[in-house]
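**Student:**
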Amino acid sequence: MKLSTGIFLVSSLVGAAVAVPLAPGPRDLPLVESNKLRRALHRKVLLEHAEKYQSFADSTPDRNRVAGSVGHNMTVDYLYETLAATGYYNVNKQPFTYIFSKGNASFSALSKTYDSNYFDYSPSTGGSTLIAPLAKVANLGCDQSDYPDLTGKIALISRGTCDFGLKVARAGTAGAVGAVIYNNAPGAIGGGTLREISRPEGPYVPVAGISGTDGAALITAMESGTVEGKLLVNSVTEVRYTNNVCAITKGGDQNNIIMSGGHSDSVAAGPGINDNGSGSLGNLEIALQLTKWSVKNAVRFCFWSAEEFGLLGSDYYIENLPETERAKIALYLNFDMIASPNFGYFLYDGDGSAFNITGPPGSDAIEHLFEEYFEEVGLPTRPTAFSGRSDYGPFLKVGIPSGGIFTGAEGIKTTEQAALWGGQAGVAYDINYHKASDDVNDLNLGAWIQNTKAAAHAIATYALSTEDIPKRNPSKRVKRDKNHTIPGACGSEPVHVA
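In mature numbering (1 follows the signal peptide of the UniProt record, and there is no 0), the protein residues as written are -19 to -1, 1 to 479.
(1) If we ignore side chains and look at the alpha-carbon of each, how far apart do proline 375 and cysteine 227 end up?
(2) Could you tell me which uninterrupted alpha helix (DSSP H) segments, each at least 4 residues in length, are contained entirely in the stretch 162 to 228, listed from first to last along the chain?
(3) Kindly provide the ranges of any beta strand (DSSP E) runs that are 3 or more residues long and lie completely inside the stretch 376 to 448, ordered along the chain.
(4) Let me know if tyrosine 354 comes out buried or exposed under the rule of 16 or more other beta-carbons within 10 Å of its beta-carbon.
(5) Around the Cβ of proline 382, are there at least 16 other Cβ atoms within 10 angstroms (buried) or fewer (exposed)?
(6) Give me the Cα-Cα distance between alanine 346 and valine 72, rounded to the nearest whole angstrom.
(7) Sort out for me which residues DSSP pairs arginine 363 with in a bridge.
(8) Report yes or no: do three or more beta-carbon pairs, one from the stretch 229 to 240 and one from the stretch 402 to 411, lie closer than 8 Å?
(9) Can you give the beta carbon distance from aspartate 411 to methionine 318, rounded, assuming they're within the 8 Å contact cut?
(10) Sort Pro341, Leu445, Asp43 by Cα distance to asparagine 454 and report the nearest one.
(11) Starting from aspartate 234, trace the beta strand (DSSP E) both ways and give me its first and last residue.
(12) Going by C-alpha distance, which of Asp101, Tyr95, Gly193 is nearest glycine 141?
(13) Express the C-alpha separation of alanine 136 and isoleucine 112 in angstroms, rounding to a whole number.
(14) By Cβ distance below 6 Å, which residues in the same chain neighbour serine 179 in space, the five residues on each side in sequence not counted?
(15) Flag this pair as yes or no: are the beta carbons of proline 364 and phenylalanine 327 separated by less than 8 Å?
(16) Quick one: give me the first and last residue of the alpha helix (DSSP H) that arginine 20 is part of.
(17) From threonine 447 to alanine 308, what does the alpha carbon distance come to, in whole angstroms?
(18) In this structure, does DSSP put alanine 150 in helix, strand or coil?
(19) Pull up the distance between the alpha-carbon of threonine 78 and that of serine 247, whole angstroms please.
(20) Please name the residue in Pro303, Asn337, Gly385, Gly359 whose C-alpha comes closest to that of leucine 350.
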């Protein structure tokens, strides 16, 4: 059953605010300047925030900050209380419920046990191992016509283009008893979600994920004869309560709002200090330092929950925000994974020049602002697909121009990129992505401070003027050139562009 989230009031988020201590009035402060705001940011302070997140995870048995857990509740309280104490913001918690999923998966074939990942909302195999022949699905498995009769078989499906959940539902419709999704790149998928507990396209079947290399090896073996697979999935689902946190400046034009956000939750596997402590804490520190200045346009910082289960917090926010309030949002900036250890400097391809996936009008201007900034400070950048893979996705759907920065997740750094930025070619941007080892030692502090300063530059710039962002029709949902959404994973995986 799909959970109804329409029962909560949104008035606290867009109207009435929690009382906070008084601070100097906005008119008593000088206007924000990019260079001054950037100079107020320091890597030591960012690391201190990260150590707080780490302590929240470490204080719980599961050592994580997954949405609705004790570790994440501590995260929410830290964000709320730290921002409220400034007196500069109206700070709110926005509660919602979601269906939590936790489990593990194991897959073996050809006398080999593969490194496998669990997909949130996958059914279990009922406590026993499912044994059945593998059957390859044509193309990317996004259309029902890609699926032959799979009765009694385990579907072997490539990742790409459409949701994991759609692929699994279509496999169920074709009669499969299970599914294995292999990556469309050499490395592992690194976790994922079916996004909803069910879909209209068909029944879910137990599913696991494997690397692209392992998928290719299985396909080669299947060309010589039948390959039998063994699939074991254990899963638990339950309803959980969680919160988004949003803080809006008391000063500035409340009808022309700059939004900056990132998710505050981790996956169940670990503390999530890069994913997404780096983005959410970069935003927090910018918000704290911004209190030294006034703004012409109001700035709202939001810290989304349950991103790792399919952008649930940001989606809930947008779906429950009246159109009159959406119309007040000039643009949205997203920061998700901005301190990857083997980093790249990637910018969302808002103008579609690299991937032909454009954002709403104004997204191109945001991308160009970041390009110009990084060029000015001597750091080369590359585009990353505007795929809707992080919390900017719900904003794109309602036509709000968006942009942001990303340092890479499970994708592999190329030789050209290693020459450009340093680091190690042939290795993932973050080898600890969605793992227990995504802790304070996973952060590249140099990349983190550079990206936080870039974010501060964009926020300071737009807090003064949005003249390059066109006005829009807030009731119009935008049909984008292409839809390559990959929900439940962070950022947007970069593809090398010559």
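Even for Gly, the Cβ is constructed at its ideal location relative to N, Cα and C.
As the structure is a computational prediction, the values presented were derived from the model and not from experiment.
**Tutor:** The relevant details are as follows:
(1) 16 Å
(2) 193 to 203
(3) 383 to 387
(4) buried
(5) buried
(6) 29 Å
(7) Phe327
(8) no
(9) 7 Å
(10) Pro341
(11) 234 to 244
(12) Gly193
(13) 12 Å
(14) none
(15) yes
(16) 15 to 20
(17) 14 Å
(18) helix
(19) 17 Å
(20) Gly385
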